[in-house]
Structure formats: structure tokens, C-alpha cells
């Protein structure tokens, strides 16, 4: 025994002393402390009994004053006091303990507790009641949350006592269960024995040893026998049969699934026979996968899942037809949180919350409190409650199947986690004659792929080839299909006959063309509804008498394709019009699918109906109203149930029909233009007709309608017709101008919003623009709503109308609106700001107010729109931004930084470039955006990475994001990583990159070595004159980056330039000789050309030009001089310093001057 002396002290009736004990030793290398303590007060450990262990050894060596006795309190452990949990944790973690013990007079309640413990003896300290205790367990429930490595001293004993009591009650329980239906076990339960469907029997196989060929043969025979098309009367029964046959073949035709199924069959038969496996050697902690799926034994297609509302369900794939493979099994992923002290005690958790530790996560929760019945049950739910009595389980191996386990309530012996068909999960007593299943096969989640169906594998391959038909030869050659058959099915890819059988069996998913040996996924809107039995009068009678859309759709499905093609054209168009109407508000998903399928079938047949009636009187007699209505019906019917775009075949049929209807409508207007009345005018103008052919008759009709309206009609009467006509451009210009002139007549009395819409339509459509802008007087401008005025100003700027038009519009309201601009929709503000690229007037008068107004409401803007606005303001307000721009920069940093993850890659790049341009005001935003962008460099295109580099360099070479960029370029250009940047970047772009990095990171040797590697002899030949000048500016003769390959690179460049000049002179002499003979194709250069060369070659008179207008260095010839980049000194930049430890702020300021140069600004704007 290792023990040291203790110290004692007495004061005011209290006796306090220190106990020092060592827990080193024992069979396991560590002794037990040897006390039974209660920690219900949460602050101290009340000693109820002293057991064998280190404390007992201490007591043997010390007198009564220093011996630990029942009734003492441990106040502190190793200096830790006031937290009972922390003290228990200290006892578990440390081998040397200093216990500060206090002895004081006991209360009557404490004396009673000690007396009960002494009376029960060491082995029976807690008397377990006949039923599970309803109240909280002292030291368990009241002591706080359960912590890893910490077990309240009483938990092990409580569990052992409960199990001993439960064992004594087994005979009573069995007797009650055996007495028949009077017991609760039999109440309300079916007596069917649980077990899997016998798929061998479903396929009619003679034995379970049938080989692959025999399985395939039986499947083919049954598919042909039970195909629903062969059972029109009992179609519902046939569909049920074919689904069962498909499920059986999906399992028995897959060796992995068949092996698991056979193992489950053997386990169920073993259970029926009463035979049990030896599970003594199975260690659940070692055998259960880290992540697994719970599959009830006997139900191979069902799994315990967490639904969207965090409810537990036992579901199969068929129960959730709209859920993808990934989403279904993601909700079926679980894990165990193993608890200390008690072997195999754990908590069953949803994987999504498993990483939250013992104090977090969603556990399987059950509540037996207050249920004294030995056969009481409890529902199982997911909850964040950490009550151990309601969540702790004991994992044990199943006695019937390898890989299966049971989960028993830790504090509720005999209550097992059970599956009760069809989908309920509960904690109940196991009844051998009931339907409950308490054994769960724990399928390793990494093996979830084996539950993927053949149809899902084929669907992925077909979708990779597009949305149309795929040849079987292409499908058989697909890599994913070949890998699936080789690795999963263990056989060669099926032949065409096998594929044909499979597609026939899965007719509801696949559309198979047997003649052309091709297949496609059946469109969702084409999922066949069950055709009703034909009425006595046939499907035509059903169509005529149908009062609702559903009846029309059913009539379309009753008829076969040949019968539909014989339908009169008028009846077909009428049926399509009814199907194209909006569905009832209470229509459910099945009704919407049926409606979409009916629309699609009729659309596919209508071109044939038109061809059959071509040139007949029925076509000629179709009124213009019918033709226009049919056009809109075709447009509406082509959309899916949720408004999604049509498939390839539907789109082809739609295009054919719209072309036919437009041709017929054009011819009808030529013959009878008077059919275009005022109510039909906007609809006619909205259709893409041959407007050049009918411009004159339509103009006459419009003039007739506007003359009839006179001045009595309110302005805006023809606004919709004007809007529709403006979309057809020059072909319908005369019609639109006639409508616009009528609207302009009453513009002075029109309501503000109507007047604004008229002007916007005219400006956007370029219709009588001069007449429209001449009406923009102050009186009218003040009547227009501010949001519409902003749209009007943007439209004027987009049409390049000039300052004389824009200034009055902006000065009247926009520039002085102040906070009122914040009420303008973000889309309108952004549109006006974007027009600043075309109009300097917008920059001067509106961009600042727009930025200030946007700053006030930036939190409600879409993040992509914020990035667009930020880029416009940053690039247009360089140098000294307005107060509105500064407000925008500040608000953008606050709003965007937490939400950068919402941005697309393009918008993220815009944010980096914008904040880099406005670096002094957006540094924090740039740092955050650069960190996000540089963490996904492989997602950007090469030119985007180059622009990202430009935007980020303002942070300085020592910033982490810039460092990542430099390393990325070094590895990409050096060929260390596979990136498009190493191959798709042109030689001129590499030269631009060298120029950028030479200014910012001249000491980063690897990047310049990589650039030299990339600019090999072939790449140097690709350099344009501008690229060569850029490279020379990056590596001047004196100064600039110094790296080993620099001399070789510049020598190669000089040699190439010399050879290039020599070749150019040779071509020039040849050209002069040819010119003397009159055979040179090159034009003679004018005197103005040589004058321009002299101007370019002469040095500037001003030795210190501004940073934006600085000219470039003198080039070798005039062509180079026009495009050569400015030198560092003329750009306002000092040469790179020799000292690599340059101050970061100075470096950032130098880069800020660089970003203000004209060359970089032009690149940012592009």
C-alpha cells in the first residue's frame, strides 16, 4: 500500500483533514478509490459507505480522527472544489489524490441513508423495486450531465441490481405472455411471423442454388407474362406483380445483395427453429462499424431513417420514391457514442449530430418513467435531451445472425429497441410470437453503394450522354456500366436481349425503342397514368363529355396514337386549349403529373394531325382568334408540372407547331386583317409572325383603332400593344411608331406611372426616341415615380442619348433624392449604376447617390448584385471616392464578409477586384474575399486567376492569400500540379503576370523560375510586340527580380527579337522591290503615318505625367509604341526595393498607385 500521512484540524464542531492516497497498483494497473458517494448537491461528495480499495488501506494506517467514515464529505480533490463532476473527473484522471475531507454532524435524512446502506450490505446497497423506479436516481439524475470518462459511483451497481431484479421477474413475464390474448403483448398485434419475402419463390426458382442463367431465364419469362399491357382489365394487379418481380430480380441478380439476403434468410430460419449462435466471443465495441445503417432482420429493403422533421421512421426506397439514393441513405446513417465504466453501454445517435460530444447531439430517446407495467412500451424519438435513463443503451450481439445486434435499455432490462411493421420504432419487451423485430443488421455505411439499383446505375450513364435516346451499344460501352457489371454483378455486360427484358420490366422508368435498339429515361411528365376502361361511346365520347382537365387527359390516354392522329384539327386544338389552362388550385402532385403527361402526348401527335389536314378547308377556316389561342396553348402545354423546360422531343414538336401556327396566322391577317380587333391586338403583336410581310396591313389596322380611340381614351390604352410591337425590332417599327404617336398625344395628362412606362418602352425599343426625350420637362419628371424615373434614366444611358438628355433627368430627381433613393428596388439602382460604363454623366451626377442609398439597404440585396455594384463604384470612382461610395465600401465590408459563401465564383472574383481597386477603404473585405477565393483556385479559369492575382496583390507579398497565389502560380507554371493555368495561359498573359509579380514580389524566386520555364523557345515565339515589351519592363537590365534563369531567358528573348527584326527588314526590302514592279500588296504609307511615328518616338515634354495618362516607354517601332505598357516610373511606381523586409503599409500604398494606372483600370473594366 502506498499512503502518506494526513493532517487534521478542528474548529467550531467541524473536523477537517487531508487524505493523500495513491491509486497505482491492482490487477489493471490502477486501484479503485473504494467509496460509495452521493453527489446530489452538485458541490461535494457525500460518503455513504467505504468499500475495499485505497481508502480502506488508508484507514488501516490512521487513527479514528483521520480515517474516512460514512457521513464524511469530500470538499475538494487535488484543489478542485465546488463542482462534484469535476472532482469525480479528477478521481478518474489522476493516480495521486489529495482529498480534503470534512466531518460534521449529520442530518436525520443523511443518517437514514447511511443506515439503509448498512442494512443492505455491500452487495445490496440499492433495493430494486419490482417495477423500474419512477423517480430520479440519486447521484445519477441529479448530478448533472453525463461526461466521457465520468461515471457516477452508483451507476454500475444500479445497473447490476436492475438486471438481477429483472432476471427474477423473467418467469412471471413468461407466464403472463403464455396466458394468451389477455396479456398486453398480444393486444393489438398481428400474429404473423416476421420474415423476408421469399424472392426465390417469387421468381419460381426450383432451389436456392439456382445459377445466374436460371435466374435470368425465370425473370424474362415472368416479365413477358405479367407486363401490364397484356392485362388491360387487371392492370393494377399486373403492376403490383411486376414490381415484386423486379425487386426479386434486383436482389437475386446481384451477387452481393443475394449473399446478404441468403444470410438473412438463414438467420430467420434459425430463429424459427430456436437455434442460437455462440456470441460469447463477439465484442460489440470492436465489431460495430463506426458509421452504419440499421436494417431490421427479415426486412432487407428497410432501414431506420431520420426524416426532414427529425422523426425516426423505418422506410424502404419504395416508400420514398422522390428521394435520391444519396439523400435516402444519408438519412439512414447512425453511429454509437460509447460510454465508460459499463461494458457496451452506449447512446445511439444520428450521424449528423454525432460529433457534438456527450453533451450534444440527437440521441435515440425513450421514456418509461411512471410506467410500472412490466410490459410497458415507449416510442423512440430523436432528442437532444441527455438524460441517461432515457437514452443509455446496452449493445449486445444477436443470437441469430452474424453482424446483427440488439439494443437494450440500460436502466430498463428486457426493453429492446424494436421495429414494428410497417414503420414504427419503439422500446418493447421481446415477444417471440409477435411481429416486433429486435435484431438489427448493422450495415457498414461505406458499403451503402451495394444497395444502388441497376436502374440507377444505367440512369446515370444515360444522363451523361444527354437527355435524348442513347444507343444500347453506347450504353454497354459506358465505363460506369462496365465497372458496375464487373465489380458488382460479377459478370459481363448484358447483351441487347437482356437489356430489352430489363427495360420491359421497368417500363415506368425507361422508354425503349426496340427497332433502333436505343433507350432513354422516360420524362417525368410522361409517367403513364392507369387508363380508365373505355366508355360505351369510345374515347371520342369521353373527350366530348369531359367537364374537367382530368377527364380530357384520361380521354387522351385511352386513345392509341393512330386514333389520336385521326382527330379533327379543331377538336385537337380545343382539347389542347383545355389542357393548357391553369390546373385547379387543389390539384395534388399525381393530378399535375397526369395533366403534364396528357399535354405532352397531345403535343407529340398534333404535328401529324396538321400534316394530315394540310391544304384542307378545315385549316383555311381556322379563325385568327383560334390560331393565336392555339399558339399560347402550345407554349403553356410544353412546360412541365412545375414550369420546367420541355424535353428534347417536346421542344421539337413545340417548334414545329409554333412555326405552322405563325404561318397560318400570317396568311390569315393578309387575307382578313379586320379580324385583328382591339382586344386581340396585344396578343397578335406578341407572336413571332412574319412582320415584314404584314407590316402594311397591320399598320392600317392600328391606325384604324387609334383613330377610333381619338382623344377620349385614357393614355396607356395601347401600352401593352406598344410593348409587344417594340420587341420585333425593325420589321414592326412602323406599327410601333403608330402606337407610340397616339400615346404621346396624351402624355401630359397621363398618370405618372403610365407616363413612365410609355417613355421607358419607347426608349428601350428605340421608337421615336427624339420625340420621347423632348417631353422630359421638369413638370413631367416630377410626376414620375422615383423607381420608374431611375429605370428611365438607365434606359437613356444604355441608348447613349448624351448629356443633354440625361442631365435634366438626373438633376431633377435622382441626384437630389437623398434617402428617398433607398426605397427604389435594388434591381433598378443596379441597372442605373451599370449604365455608368457608357455614360460619364451617370458617374458625375448619380453614382455617388446610388452608392449611398444602396449602403442603407445593402443587407436585403442579393449578394451577386452587391458584388456588381461594388465593382462599378470601385472602378468608376478611383482616386477620391464620394461620400456615398465610402458608405458603400463600409457597408459592403460589414454585409458581405459573413456571406461570401453565397457568391458565385464570378461574383467572388468581382468582389476581389473591386475591393482591391478600392484598397484603402476595403482592405478587410479584400482580405476575407481573397482568403475564400484562394482556397478554391482550381475552380477558376486561367484568365480569372490572373485577374484574381491583380486584385489581391494590393495586400502585399507577405499576406497569406497572396502567398498562396504565388505558390499556386509557381507550381502551376512549373508543372508540379495539373492545372489549366499551366497550359491555357497565353505567352502574353504570362508576361503580364511577370510584370505584376516583379513589382510586388521580386524576391519570390520560385515563381520567376516557373515563368522562365513556361516561356521556353516556343512560347517566346508566340509573344506579341506588346508581350515582349512587357517582359523587358518586368526584367530591366538593371534592377528587378534576380533568379538563376533570368540571363538565359533575356538572352533568348534578345536573340528572338534580333532574328525577328532581321526577318522584318528582309520582308521590307522585298516589298520595296515588289512595289517598284507594282506587285506589292502592302499599301503605301501616308505622310500622316510618318508624322505619327515621329510624335510617338519623341519623348514627352512633361517629365512627370499623371499616373493615368502616363505614356509608355519608347518602343522599337511605331506598332510597339502604340501598345507598349507604361514603365514603372511613369506609372507612379518606384522600382522594387532591395530590402525584402519592406514595410507592409508602404508596399500596399505602392500597389494602390499601381491599381490607379490606366492600363490596369482598363483590364479591370473589361
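Residue numbers (UniProt numbering): 1 to 1166.
Note that beta-carbon positions come from the ideal geometry of N, C-alpha and C, so glycine has one too.
Quick caveat: nothing in here was measured; it's all calculated off a predicted structure.
Within the region 272-301, the runs of alpha helix (DSSP H) at least 4 residues long that lie entirely inside it are, in chain order, 284-287.
The beta-bridge partner set that DSSP reports for residue 407 consists of 395. Between the beta-carbon of residue 331 and that of residue 306 there is about 5 Å, and that keeps the pair under the 8 Å contact cut. Rounded to the nearest angstrom, the gap between the Cα atoms of residue 582 and residue 550 is 12 Å.
Listed as beta-bridge partners of residue 306 by DSSP are 312. Taking a C-beta distance under 8 Å as the contact criterion, residue 827 and residue 851 do not qualify as a contact pair.
Excluding residues up to 5 positions away in sequence, 624 lie with their Cβ nearer than 6 Å to the Cβ of residue 675 in the same chain.
DSSP links residue 471 through a beta bridge to 518. Listed in chain order, the beta strand (DSSP E) elements of length 3 or more contained wholly in the region 666-739 amount to none.
Where residue 449 is concerned, there is no enclosing alpha helix (DSSP H), because DSSP gives it neither an H nor an E.
In this structure, the beta-carbon distance from residue 695 to residue 735 falls below 8 Å. Classified as buried, residue 333 has 16 or more neighbouring CB atoms from the shown chains inside 10 Å of its CB.
For the 8 Å CB-CB criterion, residue 797 and residue 806 form a contact. Taken in chain order, the complete alpha helix (DSSP H) segments of 4 residues or longer contained in the region 602-641 are 617-620, 624-637. Spanning the alpha carbons of residue 584 and residue 553 requires a straight line of approximately 14 Å. The Cβ-Cβ distance between residue 576 and residue 630 falls below 8 Å. Non-local C-beta neighbours of residue 238 in its own chain, meaning closer than 8 Å and more than five positions away in sequence, comprise 226, 227, 228, 230, 231, ordered along the chain. Unbroken alpha helix (DSSP H) stretches of 4 residues or longer found wholly inside the region 766-842: 769-773, 778-781, 786-798, 803-809, 826-834, given in chain order. Put simply, of 650, 970, 31, 1014 the residue whose alpha carbon is nearest the alpha carbon of residue 1004 is 970. Counting only residues of its own chain and dropping the five nearest sequence neighbours on each side, residue 689 has a CB closer than 8 Å to the CB of 662, 665, 666, 669.
In the displayed model, residue 327 falls within a helix according to three-state DSSP. One thing to note: residue 418 has its Cβ within 8 Å of the Cβ of residue 437.
Cβ atoms of residue 598 and residue 556 come within 8 Å of each other, at about 5 Å.
Within the same chain, Cβ atoms closer than 7 Å to the Cβ of residue 817 are found at 786, 849, the five residues on either side in sequence being excluded. If you check the CB distance, residue 871 and residue 910 come in under 8 Å.
The distance from the Cβ of residue 873 to that of residue 847 is about 6 Å, consistent with a contact at the 8 Å cut-off.
With respect to residue 784, residue 756 sits close: the two C-beta atoms are nearer than 8 Å.
In the structure shown, residue 1038 adopts coil according to DSSP, grouped into three states.
Counting other Cβ atoms within 10 Å of its Cβ, residue 679 stays below 16 and is therefore classed as exposed. For residue 573, the enclosing alpha helix (DSSP H) has its first and last residue at 569-580. Using a Cβ distance threshold of 8 Å, residue 1053 and residue 1028 count as a contacting pair. DSSP places residue 336 inside the beta strand (DSSP E), whose first and last residues are 334-338. Within the same chain, 257, 453, 454 come within 8 Å of residue 250 by CB-CB distance, once the 5 residues on both sides are set aside. Taking 8 Å as the cut-off, the Cβ atoms of residue 405 and residue 295 do not count as close.
Around residue 324, the same chain offers no residue with a beta carbon nearer than 7 Å, after the five sequence neighbours per side are excluded.
Comparing C-alpha distances from residue 1010 to each of 893, 460, 977 shows the shortest one belongs to 977.
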